[in-house]
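To start, the structure under review is shown below, and the notes come after it.
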Amino acid sequence: MFISLAYAAGDQASSPFGALWSFLPIILIFPIFYFLVIMPQQKARKKHKAMIEDLKKGDKVVSNSGIIGTIVSVDKDTILLQVATDVKLRMLKSAITDLRKEE
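Encoded structure:
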(Lines of atoms letter the chains of each structure in order from A and count residues from 1; the text may use other names and numbers.)
(Lines give C-alpha, C1' and ligand atoms only; values in the text may rest on other atoms or scores of the structure.)
Protein backbone atom coordinates (compact mmCIF):
# COMPACT_ATOMS: atom_id res chain seq x y z
CA MET A 1 0.00 0.00 0.00
CA PHE A 2 2.73 2.52 0.93
CA ILE A 3 4.83 1.61 -2.07
CA SER A 4 2.01 2.41 -4.45
CA LEU A 5 1.57 5.82 -2.78
CA ALA A 6 5.26 6.53 -3.24
CA TYR A 7 5.03 5.75 -6.95
CA ALA A 8 1.85 7.78 -7.26
CA ALA A 9 3.58 10.88 -5.94
CA GLY A 10 6.01 10.76 -8.86
CA ASP A 11 9.26 12.63 -9.22
CA GLN A 12 9.38 16.13 -7.89
CA ALA A 13 11.59 18.47 -9.82
CA SER A 14 14.38 19.56 -7.53
CA SER A 15 15.68 23.08 -7.82
CA PRO A 16 19.37 23.41 -8.67
CA PHE A 17 19.63 25.98 -5.88
CA GLY A 18 17.98 23.73 -3.29
CA ALA A 19 21.28 22.50 -1.90
CA LEU A 20 22.67 26.04 -1.82
CA TRP A 21 19.67 27.34 0.12
CA SER A 22 20.01 24.54 2.65
CA PHE A 23 23.70 25.35 3.24
CA LEU A 24 23.26 29.13 3.22
CA PRO A 25 22.78 29.48 7.01
CA ILE A 26 25.92 27.46 7.65
CA ILE A 27 27.88 29.50 5.11
CA LEU A 28 26.69 32.75 6.71
CA ILE A 29 27.79 31.64 10.18
CA PHE A 30 31.49 31.83 9.26
CA PRO A 31 31.64 35.58 8.44
CA ILE A 32 29.47 36.37 11.47
CA PHE A 33 31.77 34.28 13.68
CA TYR A 34 34.81 36.05 12.22
CA PHE A 35 33.46 39.55 12.87
CA LEU A 36 32.06 38.79 16.34
CA VAL A 37 34.82 36.57 17.75
CA ILE A 38 38.07 36.42 15.81
CA MET A 39 38.44 40.10 14.85
CA PRO A 40 37.99 41.45 18.41
CA GLN A 41 40.48 38.88 19.73
CA GLN A 42 43.05 39.93 17.14
CA LYS A 43 42.50 43.59 17.97
CA ALA A 44 42.93 42.92 21.71
CA ARG A 45 46.06 40.85 21.06
CA LYS A 46 47.59 43.69 18.99
CA LYS A 47 46.74 46.24 21.69
CA HIS A 48 48.30 44.04 24.40
CA LYS A 49 51.44 43.46 22.32
CA ALA A 50 51.84 47.21 21.73
CA MET A 51 51.39 47.87 25.46
CA ILE A 52 54.04 45.24 26.31
CA GLU A 53 56.50 46.75 23.83
CA ASP A 54 55.97 50.26 25.25
CA LEU A 55 56.67 49.35 28.89
CA LYS A 56 59.23 51.66 30.47
CA LYS A 57 60.79 52.41 33.83
CA GLY A 58 58.36 54.08 36.21
CA ASP A 59 55.15 52.59 34.73
CA LYS A 60 52.67 51.21 37.24
CA VAL A 61 51.44 47.84 36.03
CA VAL A 62 49.20 44.93 37.01
CA SER A 63 50.29 41.34 36.42
CA ASN A 64 48.01 38.48 35.49
CA SER A 65 48.30 37.24 39.09
CA GLY A 66 47.04 40.58 40.43
CA ILE A 67 50.37 41.97 41.62
CA ILE A 68 50.53 45.75 41.32
CA GLY A 69 53.88 47.46 41.19
CA THR A 70 56.20 49.95 39.54
CA ILE A 71 58.68 48.94 36.87
CA VAL A 72 62.29 49.44 38.00
CA SER A 73 64.03 48.06 34.90
CA VAL A 74 63.07 46.57 31.55
CA ASP A 75 65.00 43.80 29.76
CA LYS A 76 64.25 42.03 26.50
CA ASP A 77 61.71 39.54 27.90
CA THR A 78 61.52 40.44 31.59
CA ILE A 79 60.91 43.37 33.88
CA LEU A 80 61.95 44.09 37.44
CA LEU A 81 58.88 45.13 39.39
CA GLN A 82 58.99 46.93 42.74
CA VAL A 83 55.93 46.02 44.78
CA ALA A 84 57.00 47.48 48.15
CA THR A 85 60.04 49.12 49.70
CA ASP A 86 63.00 46.78 49.13
CA VAL A 87 60.75 44.14 47.51
CA LYS A 88 61.43 43.54 43.83
CA LEU A 89 60.12 40.78 41.58
CA ARG A 90 61.42 39.69 38.19
CA MET A 91 58.52 38.91 35.87
CA LEU A 92 58.00 38.08 32.24
CA LYS A 93 56.68 40.97 30.19
CA SER A 94 53.92 38.70 28.93
CA ALA A 95 52.61 38.41 32.52
CA ILE A 96 51.67 42.10 32.51
CA THR A 97 48.00 42.60 31.74
CA ASP A 98 47.37 46.30 32.29
CA LEU A 99 48.93 49.69 32.88
CA ARG A 100 47.65 51.53 35.95
CA LYS A 101 46.77 55.17 35.52
CA GLU A 102 48.14 57.58 38.08
CA GLU A 103 45.50 58.30 40.72
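According to this note's numbering, the sequence shown holds residues 4 to 106 in order.
Beta carbons: idealized from backbone N, C-alpha and C, even for Gly.
| Asked | Found |
| --- | --- |
| Which residue marks the beginning of the alpha helix (DSSP H) containing Ser25, and which one marks its end? | 21-36 |
| Please report the straight-line C-alpha distance between Ile41 and Val75, rounded to a whole angstrom. | 35 Å |
| Entirely within the stretch 33-95 and at least 4 residues each: give me those alpha helix (DSSP H) ranges in chain order. | 42-56 |
| Quick check: what's the CA-CA separation for Lys104 versus Ile30? | 44 Å |
| Compute the beta-carbon to beta-carbon distance between Leu92 and Lys63, rounded to the nearest angstrom, for a pair I have assumed lies under 8 Å. | About 14 Å; that fails the 8 Å criterion. |
| Give a yes or no on whether the C-beta atoms belonging to Gly77 and Leu58 are separated by under 7 Å. | The question names Gly, but residue 77 is Val in the sequence shown. Cβ distance < 7 Å, so Val77 and Leu58 count as in contact. |
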